[in-house]
C-alpha cells in the first residue's frame, strides 16, 4: 500500500510499504477514505518530538471502512464506516474505567520509554513517535486499529467524511479545551492560536455558554476564519501588545479562561522569543512556551488556563509565581477522544456544528509531502488539509 | 560472627591505629622498639590506616572486599618495614619481635576475611521486587499465575515451563549467549487467591526463587500484585555469566514482565507493533536494541 512516512526533519515521503495485518485479537483493519494532517504532525515534521524513526508511517486523524476484524472484535463488521480516535485505549484499565482514555495504562507497548521521559506513560497514539507506542499511522491506504472494539465509532450514511472526520481529534480536542475551562454563562474566553484546534475551541466555547470569545493569532486568514466562522473578537498579535489589549477589553480584570492552542513551537517577539529559539536550537529546552506564558499572565485571578497545545519535554521561564499567587488552575492533557465521540456526533447530526468549515485544501494522499510544506508555511492560506488515499 | 561484621571491626581497628600513628607517632615507635625517629613515615602509615578504616565503615555491605584487600596490602608494607628494623642493632629486638607477631596475627585475619568476602560477593544473591495494580480479582490472577505454564506468555526471558506433577515444574530460560538455563522448581507455599512461593531444587543451573502476592486494593476494584524474584548465581566465571539471567537491568526486566502480565490479564492481549508496516527494511533486532538503549540510557 501507499503510506506517508517520516523520513527525517522536514522530510516526508509517500512510499510503498507492506499492507498492515491483524496482529492481536482485538485489532481491525480500516481501508482509509479520508485522513488529515494535524498541527501536531508539524511538530514531528519539524523534528521536535524525540523517538521518531525514519520510515514511521504518520497520521492520527483518519476514517474509513472496516475490511477485516480480529476474532476479539464483535461490535464491528466488514463494511462498517468508522472514525478512529487518535488515542489508543483498551477500555479495561483503571483510567479507561474513569473515562480518561488518553491515559490508558495498557496501550503503549513502549511505556518504559515514556516513563523515562515523563515519569509515567500515557496511552499509545497512532503515528506519533515511539515514546507513545510507535504505532503506524493513518496517512495511508490502510491502518491497523488496536482495541478496535473500544475506539472506532460507526457513522451512518447521510453524513459526509468531511463532516465527521475531525471527530478523530481536533473537534474533541477543541471541545475538551473549552470544557476544561468550566465556562459559566457569560464568561470571557481567550484562545491563543487560530489553527484548526483553535477554531474548534472557539466554536466549543460558544456551545458551552461563553459570553465572549477572543481569538489571538498573527496569520490574517486564520483570524478572518475565527471572526467570520467562529464569531470571535480577534487580536492580531503582530499589531498590538496582547496583554495590554486583553486588559482593556476586560476592564482590567483579564479573561475568565485562557487557552493555549499553539503548543511547543510558539513564536514570540523580542528578547524572550529569541531566548527560546536559541535554547531550543541548543537542545537546552525542548519546547518554546511563549503562548503558554501569555495565557498565564493574561488570565484573570482565580481563572483557568487550558492547554490543548502539544508539549514534549522541558521548558523554562514559566511564571510559576503568577500561577501560585493568583490562584490559577492549569488543565491539560491529550484528549480523551472516546468520551466525546457520541455527544459530538449528536451535535453534528443536529446541525449545531458542521466541522467541515475548517478545511481549506483537499488533495490525494500521494501529494502529502507538498501538503506538509504548504501547511507548515501557511502557503495559499492553508488552514486544514484532508488527504484522500486511492485518488 | 558474620564476615561483614568482622570487616567492620577491623575497620575500627584501622581507625584506632591510624589515629595513634598520626597523633603520637614517636610514642608508638618507642612502644614497638624503634629508636630512630621515623615520624614522617609513621604518620603516612596512619593516613593509610584511616583511609582503609573509613572505607570499611562506610562501604555498602556488598562492596567491602576491596577495602579489606587494601588492609592486606597495608599489612605487607608494615611487615616489610618491621623486617628492616631488625637490621639495626640500636632497635629493641624483643619489642620488635612482639610487634611483628601481632601484625602477622592481624594479617592472617585480614587475608581470611578478604577471601571469604570476595567469595560471598561473587555468588551473592540478587533480588528484585516490583508491584502493579490490576483490574481483576485476586482469584482470577492467582488462577492464571498458579499454572506456571502460563508464565512464558509474558515473561519473555522464559522459554518454557512444564508442570511435571504436583508442586513440581521444569523451567527452561533463555540464558545469555543463547544458552539454555534449566531447573526444577517446587512450590513451597501456596495460599489460594493470596500467595504463591516457589523455589528451585538442588541441581539448578541457577538457584532461584520467587513469591507473588495478591492483595485486594482498598478503594478501587483492583488487585495489588507484588512480585519478588531472587537468584543466586553459582561462583566462578560461569556464575558471572548466569548473573545476567534477567538481562543487564533486572529491575527493568521484572517491571516489563509485570506490565505484560497486567496487559494480558486486563485486555486479553499484549499490545505490540511487531509486524506492522514501515517505510524501512524491517529489522526487528535493530529496533529492539534501539528501544532497549533508550530505556537503559
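Residue numbers (the numbering used here), protein chains in the order written: chain A, 1 to 391; chain B, 392 to 688.
Where a beta carbon is used, it is the ideal one built from N, C-alpha and C, also for glycine.
Between residue 175(A) and the ligand GDP, is the CB less than 7 Å from at least one heavy atom? The ligand GDP is not part of the structure shown, which contains no ligands of any sort.
One question on the structure: do residue 540(B) and residue 559(B) come within less than 8 Å of each other, judged by their Cβ atoms? Going by C-beta atoms, residue 540(B) is not nearer than 8 Å to residue 559(B).
Would you mind telling me which residues of chain B sit closer than 8 Å to residue 54(A), beta carbon to beta carbon, in chain order? 670 and 671
DSSP three-state call for residue 454(B): helix, strand or coil? helix
Residues near residue 509(B) in its chain [Cβ-Cβ closer than 7 Å; skip 5 each side]: 456
Could you give the C-beta distance for residue 90(A) and residue 658(B), rounded to a whole number, given that I count them as a contact under 8 Å? 4 Å
Residue 541(B) by DSSP, collapsed to three states: which one? Residue state for residue 541(B) is assigned as helix, using DSSP reduced to three classes.
Looking only at its chain, what residues have a beta carbon closer than 8 Å to the beta carbon of residue 297(A), apart from the 5 residues adjacent to it on each side? 243, 319 and 322
Starting from residue 41(A), trace the alpha helix (DSSP H) in both directions and tell me its first and last residue. Per DSSP, residue 41(A) belongs to the alpha helix (DSSP H) from 39-45.
Nearest neighbour of residue 1(A), chosen from 109(A), 63(A), 143(A) and 103(A) [CA to CA]: 143(A)
Classification of residue 459(B) by the beta-carbon crowding that lies within 10 angstroms, buried from 16 upward: Residue 459(B) comes out buried.
Could you tell me the distance, in whole angstroms, from the CA atom of residue 102(A) to the CA atom of residue 179(A)? 16 Å
Leaving out five residues on either side along the sequence, give the residues of the same chain with a beta carbon under 8 Å from the beta carbon of residue 675(B). Note that residue 675(B) scores 48 on pLDDT, short of 50, meaning its location in the model is unreliable; the coordinates nonetheless yield the value given after this. For residue 675(B), where only same-chain residues beyond five positions count, the Cβ hits under 8 Å are 665.
Could you tell me whether the Cβ of residue 664(B) comes closer than 8 Å to any Cβ of chain A? Closer than 8 Å: yes.
Chain A contact residues for residue 530(B), given Cβ-Cβ distances below 9 Å: Going along chain A, no residue has its Cβ under 9 Å from residue 530(B), so there is no contact; the nearest lies around 17 Å.
Continuous alpha helix (DSSP H) assignments of at least 4 residues falling wholly in the region 91-120 of chain A: 94-97 and 111-118
Considering only their Cβ atoms, is the gap separating residue 235(A) from residue 177(A) smaller than 8 Å? no
Could you list which residues in chain B have their beta carbon closer than 7 Å to that of residue 389(A), in chain order? Correct list: empty, because the minimum Cβ distance to chain B is about 14 Å.
Determine the direct distance from the alpha carbon of residue 69(A) to that of residue 580(B), and round the result to whole angstroms. 43 Å
Within chain A, partners of residue 524(B) - CB distance below 7 Å: 94
What is the rounded straight-line gap between the Cα of residue 498(B) and the Cα of residue 620(B)? 39 Å
Does any C-beta atom of chain B lie closer than 8 Å to the C-beta of residue 23(A)? yes
Taking residue 614(B) as the query, report the chain A residues whose CB atoms sit under 9 Å from its CB, ordered along the chain. Here the premise fails: no neighbours, minimum Cβ distance about 12 Å.
Same chain, Cβ closer than 7 Å to residue 310(A), neighbours up to 5 away in sequence not counted: 40, 43, 263 and 264
Contact list for residue 657(B) against chain A, beta-carbon separation under 7 Å: 90, 92, 93 and 106
Could you check what DSSP says for residue 276(A) in three-state terms: helix, strand or coil? helix
Distance CB(residue 327(A))-CB(residue 181(A)) smaller than 8 Å: no
Go through its chain and collect everything with a Cβ distance to residue 200(A)'s Cβ below 6 Å, but skip five positions before and after it. 170, 171 and 174
Tell me whether the region 4-21 of chain A and the region 646-655 of chain B touch, counting them as touching only if at least three CB pairs, one residue from each stretch, are closer than 8 Å. With a cut-off of 8 Å, the region 646-655 of chain B and the region 4-21 of chain A do not count as touching, because too few Cβ pairs lie within range.
Just to confirm, is the Cβ distance from residue 129(A) to residue 35(A) under 8 Å? no
Collapsed DSSP secondary structure at residue 546(B) in the structure displayed: coil
Throw me the rounded Cβ distance for the residue 565(B) and residue 585(B) pair, which I believe falls under 8 Å. Between the beta-carbon of residue 565(B) and that of residue 585(B) there is about 30 Å, and that puts the pair past the 8 Å contact cut.
Going along chain B, which residues have a C-beta under 8 Å from residue 15(A)? 670
Going by DSSP in three states, residue 528(B) sits in which element: helix, strand or coil? Three-state result, residue 528(B): coil.
Enumerate, from N- to C-terminal direction, the unbroken alpha helix (DSSP H) stretches of 4 or more residues contained entirely within the region 6-60 of chain A. 39-45
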